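The opening position of the sequence shown corresponds to residue 48 in our numbering, with each subsequent residue numbered one higher.
Where a beta carbon is used, it is the ideal one built from N, C-alpha and C, also for glycine.
None of these values were measured; they are calculated from a predicted model.
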Amino acid sequence: MVHERVRRSDLLDRIVSAEEAARLIRDGMTVGMSGFTRAGEAKAVPLALAERAKAEPLKITLITGASLGNDLDKTLAEAHALSRRMPFQSDRYLRKEINDGEVMFIDQHLSETVELLRSRQIGPVDVAVVEAVAITEQGGIVPTTSVGNSASFAILADKVIVEINTSQPDILEGLHDIYIPTHRPTRMPIPVVAPESRVGLPFISIDPDKIAAIVITHKLDSSSTVLPPDAETRSIAGHLSEFLLNEVKQGRLTHALQPLQAGIGTIANAVMHGFIDTPFHSLKMYSEVLQDSTFDLFDAGKLDFASGSSITLSEEKYREVLPLLPSYKSRLILRPQEISNHPEVIRRLGIIGINTALEFDLYGNVNSTHVGGTHMMNGIGGSGDFARNGYLSIFVTKSIAKGGAISSVVPMVSHVDHTEHDVDILITEVGLADLRGLAPRERAATVIANCVHPSYRDLLSDYYRRAVARGGHTPHVIEEALSWHAALRETGSMMDAGAR
């Protein structure tokens, strides 16, 4: 099997243990690792690195595509092996170290990280660690279930460690489309003109001499943690469907819609799943993460093609999809995230972007990242890439959280990731607010009428009435604008803001 997976014979003598490969990484280095939303991450070398960090001074800057699976961020954080981390994470333990100031976290739009590396505004990458299905006869690296930033890490790094994961099926070879933009200012347009466009190579092309070590592994990706649709997420999906059907009625869309993008997690997955029970058909996706709903839509005959940067599935769906991968393969592409999230391509294709908010305010500003304005949750991910550049920018969330102690609709968001200028549609299980073409005061009235949970509607209406009395283009009672968050911090419930 090793000869089948490492097909360039002069690289066979570079096969070493994970511990030996990890010795190439030294204290203070910047390391680029494969992995995008719990899929396709290097699995052995990071663990060996964490073990070293327990015994000797060792801290690195770790750059990935997005979050890592198999508790790798947790393991590295517990070993105090991380000094800096970018551009995204989702681990509870690492989150604590970030919020305690132990790890410096740089939250970036996912389309921008390798642009900054390529132009030497950050970096350089000393060592790249990339999981692969195989190495070709020419020395090309065939990724596994994600591409993320792996291609550019391998191209830009001084040395490359390849983890050949024999648990990943060789049918994955040929699924990838590795296209790397040329350097500015003479860059040519990216030739992706449809989700199904193939414009690159099925492997990462590098000088084979840069491959300093090869490690053989056999470990599956972590399963996603999405939950099945519930009453609230089904309501959100229903409001979205009703809105899009009206767009068809108005002649602005057809029943094939425009290419769809969905963020990660339970709500986004459930909303995409909702398309199964609608009149929409011949759908296409141009997204980042292909979740369970992607394959549910394939199976329902609703989805024709899906382009993404990773495949991240629940344990049950993974068992279903893996044996059938040959039948899905012709309808799938995995790309580098700078292409899946590239503003040029998103604008060209007219993407309908559906992303999840932590909270939004009266005027349509969205917070995707910070609890209470200060504590990082996961990161902005790719939501900004699609919100700023898509045909429609849609944000979804449940109207309340923590049993009603938190309203997801507030007077003023405690942190702004997406300004009102980039947000078109807001949806909760209560209803949908179409903000297109509305001035701030009109937006506020629409949000209050359609998105706020009944238990908070009077409280928000009272705030807005008093704000309008003070005047302004975007009215606020500035000394009370964050009083809901202050009440939550002090008493445990935003409901207590009315008594302050």
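Could you check whether residue j and residue i sit closer than 8 Å to each other, using their CB atoms as the reference points?
i           : j           : result
residue 415 : residue 427 : yes
residue 474 : residue 323 : no
residue 387 : residue 85  : no
residue 442 : residue 470 : yes
residue 357 : residue 478 : no
residue 197 : residue 81  : yes
residue 354 : residue 380 : yes
residue 193 : residue 87  : yes
residue 129 : residue 115 : no
residue 236 : residue 391 : yes
residue 550 : residue 523 : A query on residue 550 cannot be resolved here, the shown segment of the chain reaching from 48 to 547 and no further.
residue 49  : residue 311 : no
residue 208 : residue 246 : no
residue 95  : residue 260 : no
In three-state DSSP terms, what is residue i?
i           : result
residue 143 : helix
residue 155 : coil
residue 410 : coil
residue 510 : helix
residue 547 : Here the model assigns residue 547 a pLDDT of 48, short of 50, so the residue's position is not dependable, and the following value carries that caveat. DSSP places residue 547 in coil when its eight states are reduced to three.
residue 287 : helix
residue 486 : coil
residue 77  : strand
residue 349 : coil
residue 474 : strand
residue 332 : strand
residue 495 : helix
residue 100 : helix
residue 444 : coil
residue 383 : strand
residue 239 : coil
residue 62  : strand
residue 541 : helix
residue 318 : helix
Rounded to whole angstroms, what is the Cα-Cα separation between residue i and residue j?
i           : j           : result
residue 321 : residue 481 : 20 Å
residue 541 : residue 505 : 13 Å
residue 269 : residue 176 : 18 Å
residue 456 : residue 288 : 22 Å
residue 134 : residue 200 : 14 Å
residue 547 : residue 536 : Only weak support is given to the placement of residue 547: the predicted model assigns it a pLDDT of 48, under 50, and the value that follows is read from those uncertain coordinates. Computed Cα separation, rounded: 13 Å.
residue 164 : residue 203 : 8 Å
residue 420 : residue 234 : 38 Å
residue 57  : residue 257 : 13 Å
residue 223 : residue 383 : 9 Å
residue 450 : residue 148 : 30 Å
residue 63  : residue 226 : 30 Å
residue 103 : residue 184 : 38 Å
residue 472 : residue 171 : 39 Å
residue 528 : residue 454 : 14 Å
residue 514 : residue 459 : 12 Å
residue 302 : residue 326 : 7 Å
residue 121 : residue 293 : 46 Å
residue 151 : residue 127 : 12 Å
Quick one, which of the options has its alpha-carbon nearest residue i's?
i           : options               : result
residue 210 : 218, 189, 111 and 158 : 189
residue 483 : 495, 496, 440 and 143 : 440
residue 486 : 410, 292 and 217      : 410
residue 401 : 309, 215, 53 and 492  : 309
residue 423 : 405, 429 and 431      : 405
residue 492 : 502, 112, 521 and 468 : 521
residue 166 : 229, 54, 107 and 510  : 229
residue 511 : 502, 532 and 489      : 489
residue 347 : 131, 360, 337 and 328 : 328
residue 508 : 502, 495, 516 and 500 : 495
residue 279 : 239, 231, 364 and 318 : 318
residue 431 : 299, 516, 155 and 313 : 155
residue 219 : 52, 412, 231 and 516  : 52
residue 365 : 239, 98, 273 and 139  : 273
residue 106 : 83, 132, 91 and 118   : 132
residue 534 : 518, 250, 452 and 396 : 452
residue 275 : 255, 92 and 338       : 338
Going by the DSSP bridge assignment, what does residue i pair with across the sheet?
i           : result
residue 132 : 109 and 152
residue 308 : 400
residue 439 : 399
residue 179 : 190
residue 210 : 178 and 262
residue 481 : 472
residue 358 : 337
residue 457 : 408
residue 248 : 225
residue 195 : 383
Step through the CB atoms of chain C and report whether any lies within less than 8 Å of the CB of residue i.
i          : result
residue 49 : The question asks about chain C, but that chain is absent: this structure has only one protein chain.
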